[in-house]
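Heads up, the thing below is written out as C-alpha cells.
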Amino acid sequence: MKLIRKLNRQYVSYSFAVLLTAGIFIFFILKSIVREETDEKLDSIFNQIESLIGEEPQTLNLYPIILVQQVSERSNNRYFSDTTLYVKNELEEFRQLVGYSTVQNINYKIIVRESGIESRDLFGTLVVIILVGFLFIILSLYGINKSIARKIWSPFFENLEKLKRFSLQSRSPFIPAETNTDEFNEMNEVLKSLTNKVLSDYDNLKKFSENASHELQTPLAIIRSKIEAILDENSLSLAQAEKMQTIYQTVNRLSKINNGLIMLTKIENRQFSGSEEIDLNDMIESQIESFSDLIELKGLEFEYRCQNNLKITGDKSLTDVLISNLFSNAILHNYEKGQLIIELDGHTLKFLNPAVSEIPDRNRLFNRFYKSGTTGSTGLGLAIAKQICLCFRWDISYYFKDHYHTFKIIF
Amino acid sequence: MKILIIEDEPALLEEIHSYLSKENYICEVAENYDDAREKLQLYHYDIAIIDITLPGGSGLSLIDLLKKSNTDSGILIISAKNSLDDKLTGLETGADDYLTKPFHLAELNARIKAIIRRRKFSGATEIVFNEIRIEPDDKSVLVNENKLRLTRKEYELLHFFIANKNHLLTRESIAEHLWGDNIDLADNFDFIYTHINNLRKKILAAGGTDYLKTIYGLGYKFTDE
Chain A
-3 MKLIRKLNRQ
7 YVSYSFAVLL
17 TAGIFIFFIL
27 KSIVREETDE
37 KLDSIFNQIE
47 SLIGEEPQTL
57 NLYPIILVQQ
67 VSERSNNRYF
77 SDTTLYVKNE
87 LEEFRQLVGY
97 STVQNINYKI
107 IVRESGIESR
117 DLFGTLVVII
127 LVGFLFIILS
137 LYGINKSIAR
147 KIWSPFFENL
157 EKLKRFSLQS
167 RSPFIPAETN
177 TDEFNEMNEV
187 LKSLTNKVLS
197 DYDNLKKFSE
207 NASHELQTPL
217 AIIRSKIEAI
227 LDENSLSLAQ
237 AEKMQTIYQT
247 VNRLSKINNG
257 LIMLTKIENR
267 QFSGSEEIDL
277 NDMIESQIES
287 FSDLIELKGL
297 EFEYRCQNNL
307 KITGDKSLTD
317 VLISNLFSNA
327 ILHNYEKGQL
337 IIELDGHTLK
347 FLNPAVSEIP
357 DRNRLFNRFY
367 KSGTTGSTGL
377 GLAIAKQICL
387 CFRWDISYYF
397 KDHYHTFKII
407 F
Chain B
15 MKILIIEDEP
25 ALLEEIHSYL
35 SKENYICEVA
45 ENYDDAREKL
55 QLYHYDIAII
65 DITLPGGSGL
75 SLIDLLKKSN
85 TDSGILIISA
95 KNSLDDKLTG
105 LETGADDYLT
115 KPFHLAELNA
125 RIKAIIRRRK
135 FSGATEIVFN
145 EIRIEPDDKS
155 VLVNENKLRL
165 TRKEYELLHF
175 FIANKNHLLT
185 RESIAEHLWG
195 DNIDLADNFD
205 FIYTHINNLR
215 KKILAAGGTD
225 YLKTIYGLGY
235 KFTDE
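Chains A and B, in that order, are what the protein sequence lines are. Position 400 of the first sequence, counted from 1, bears residue number 396 in my numbering, the numbering being contiguous throughout. Plus 14 on top of the position in the second sequence (first one is 1) and you've got my numbering.
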C-alpha cells in the first residue's frame, strides 16, 4: 500500500473514532442543555399563568400545551416530568411542569407542556453533522497529504526513482536528491556510501576475474607451444608421447574452459550492447553450411523446417555463438545416423534430436560445468547459451517429448 | 621474407621464432615497446607479428606507426584479450589478421602464409608441393594436373597441411583450424579422422603419393621425408 494511502487510512480511522466519541458527548450535553432551557421556559410560562389565573381560569386552557384544572386538595408540589401524548393520533414527546396554585381560595392544578425535541431528531442531526465533518476531514486530508507528499516526501520519492534506475553496468554513481530534512540527509549519506561501495566492489571483482582469465592465457600459450615443439621434434618414445599427449589434451581443455569463462564474464558484465539487426534465417543457413560436414560425417538425417523468416535485435557474434552451441550440442549428443531437426516457427527456434530418455538433472542443465556424460566437454556451452539469452531477454528451455531432446528459444 | 616478432614473453617468443625460422623466414625479435619501435623505424619488415599488451606501450600504437610510415608490411596481432572490441580496433587500424592466445603455432604459420599470399609478396600465389598444386584464388587443387574434387573442409585441411609441411599437426590444432575455437568438439576427433581419410583417398585416386603420416596417434604430418 502506498505510504500516503496508509497515512490517510490511519488519519481517517482515528479521526472517525474521535468524531464518534465527540458526537456521543455532544449528544448528551446538547440534550441536557435543551432540557434545562425547556424547564426554564416552562417555569416562566407557569408563573405567567399563575398570575392570570384569578381572572378567567377557563380560557387559559390550550390543549395540550396549557391545562388549568380546579382541584380540591391544596398542595405546593411542583415537578417536571416527561410524558407522551396522542396529539391528532400521533404520539408526541412532551416535557411538562405540573404544579398547584391557590388563588382566592380556589385550588388549581396547572400543567404546562412544551413539545420536546425528540432524541431521534437530535441523534439524526448529529449523525449528519458528524458525517459531513468526516467527509470534510477526508477531503482536506487528501489535499493536505498530497501537498505534504509533494513538498516533504519529494526527496524520498526522487531517491527511490534514482535507486530503481541505479545499475552496476552504467557505472554512474548514485547522486541522491537534495534535501534539508535531517532524516533524509542521513539516508542520503548511507545510500551514497552503500552504492559507492557496491560499485567499487563490483568493479574490483570484475577486473579480477577478467584479469585472472586473461593472465592465464599467456602461460597456457607458452605451455602449449612448448609441447607442440617437443612433439614436432619427433624424438619421443611411444610411452613418453602418450604422456605428452595427455598433458597436451589437458592444457587444451584448460584453455577452453578459460576461454569459456572469459566469454561468460563478458556476457554477464553486459559488455555486448546488442543493437544489431540479425536475420536469423540467414544465420542458421550459414551455420548449416559450416556444420554440413559434421552432419554428413555422422550420417545424420537433417531437416531445417523454416516456417517464416525472423529478424531479431541482439549481438551478431553472440547470437552466432548461441546457435552454434546448440547446433553442435545436437550433433555431438546424437546417434550415428540419427536425426536432427531445426525448426523456426514464429518467434520460436527449436533444436530436436532423438534420445532414449530425458537428460537427468534437467534443472542444472544450464549451470556452469554441468556434464551429462563423460564426453569430456567443458560443460560451459549451455551456460553460455543461457547467459546470452538472459542478456537479450530471450527465453531458453529444455524439454523431453516424444523421444526427442528439445531445446527451445523464444525470441 | 623478413619478419619482426614483437612479444614480451620470452618463452613464447622463442617458440614462435624457432617455428618460423624453420620455415626459412628471416626472423627478428623485440621484447618491449621501445625496442620494437626502434626496429620498425630503422628497418623494413615484410610482416610484423605484434602482441597488443607490451611493457612500455600498446601494440596498437605500433600499428599506427607502421601505417603512418606507409610501408607495405603485413600485420598480425596476437593478443591475450579475446575481446571483440580489441579485434575490431586492431583490424580497423589496419592489421591484416588477429590471433588470440593461446594459439597453435601451426595456425600462426598458416595465417602468416595467408597474409603473404594475399599481399602477393612472392609474386606467384599458387602453392606447390611435389605433384600437388593448390591455386588459392579459385580454391582448386591439382594432382599431376588432374583436378581434385574436394569439399570445402578437405580443401582447407590440405591447405593447412601444406602450409605446415614437415610439422606435426595435432588433432586439436586441426579441429580449431577447421571449425574455430567456439565449437566444443569434446575430443570427438572421429570427424578429423574421416576427413583425413577422404582426403588421402582422393589424392591417391588422382595418382598422388600418400604424404599423410600419423604420428603417435595424436596428430598428423604432411611430409615427403
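Glycine residues also receive a C-beta, built at the ideal position from the N, C-alpha and C atoms. The model shown is predicted, which means the values in this text are computed figures rather than measured ones.
Item	Value
Contact belief for Leu296(A) with Ile327(A) at Cβ below 8 Å, rounded distance in angstroms	7 Å
Three-pair Cβ contact test at 8 Å for the region 229 to 243 of chain A versus the region 38 to 48 of chain B	no
Residue range of the unbroken beta strand (DSSP E) whose run includes Thr80(A)	74 to 83
Distance CB(Ala381(A))-CB(Asn321(A)) smaller than 8 Å	yes
Supposed close pair Asn254(A), Ser209(A) - CB separation, criterion 8 Å	6 Å
Cβ neighbours of Gly256(A) in the same chain (closer than 7 Å, five flanking residues each side left out)	Thr374, Leu376, Ile380
Coarse secondary structure for Val99(A), derived from DSSP in three states	strand
Contact with chain A by Ile229(B), beta-carbon distance below 8 Å	yes
Best match in Ile284(A), Leu(-1)(A), Ile291(A) for proximity to Tyr138(A) [C-alpha to C-alpha]	Leu(-1)(A)
Sequence ranges, beta strand (DSSP E) only - wholly within the region 304 to 350 of chain A, length at least 3	307 to 310, 335 to 341, 344 to 350
Partner residues on chain B for Ala237(A), Cβ-Cβ distance less than 9 Å	Ile229, Tyr230, Gly231, Leu232
Contact belief for Ile337(A) with Leu348(A) at Cβ below 8 Å, rounded distance in angstroms	4 Å
Tyr33(B) to Pro116(B) span [Cα, whole Å]	15 Å
With 16 other Cβ atoms within 10 Å as the buried cut-off, status of His191(B)	buried
Three-way DSSP call (helix, strand, coil) for Arg167(A) in this model	coil
Cβ-based neighbour list, Tyr198(A), same chain, cut-off 7 Å, excluding 5 preceding and 5 following	Leu164
Closer than 8 Å to chain B by CB, His210(A)	yes
Local Cβ density within 10 Å of Ser71(A), reported as buried at 16 or more and exposed below that	exposed
Test: Phe117(B) CB closer than 8 Å to a CB of chain A	yes
Neighbouring residues, chain A, relative to Ala177(B) (Cβ below 7 Å)	Those do not exist, as Ala177(B) stays about 15 Å from chain A at its closest Cβ, beyond 7 Å.
Residue-chain proximity (Ile218(A), chain B), Cβ-Cβ < 8 Å	yes
Short-range partners of chain B found in the region -3 to 16 of chain A, where Cβ spacing is below 7 Å	none
Where the beta strand (DSSP E) containing Asp65(B) begins and where it ends	61 to 65
Distance, Leu293(A) Cα to Tyr366(A) Cα	27 Å
Classification of Phe21(A) by the beta-carbon crowding that lies within 10 angstroms, buried from 16 upward	exposed
Cβ of His244(B) within 8 Å of any chain A Cβ	For chain B, the structure presents residues 15 to 239; residue 244(B) sits outside this window and is missing.
Proximal residues of chain A, C-beta to C-beta of Glu121(B) below 9 Å	What Glu121(B) touches in chain A: nothing, since even the nearest Cβ is about 10 Å away.
Chain B contacts from the region 268 to 285 of chain A (Cβ-Cβ distance under 7 Å)	none
Stretch-stretch touch, CB-based, cutoff 8 Å, three pairs: the region 114 to 128 of chain B with the region 164 to 178 of chain B	yes
Where Glu174(A) sits in the DSSP three-state scheme	coil
Contact residues within the region 127 to 158 of chain B, judged by C-beta distance below 9 Å to chain A	none
Stretch pair the region 142 to 157 of chain B + the region 166 to 174 of chain B: three plus CB contacts closer than 8 Å	yes
Members of the region 21 to 34 of chain B that neighbour chain A once the beta carbon cut-off is set at 8 Å	Glu23, Ala25, Leu26, Glu29, Ile30, Ser32, Tyr33
Between the CA atoms of Thr80(A) and Glu89(A) - distance to the nearest angstrom	5 Å
Alpha-carbon spacing of Val155(B) relative to Leu226(B), whole angstroms	16 Å
Segment limits, alpha helix (DSSP H) that includes Asp49(B)	47 to 56
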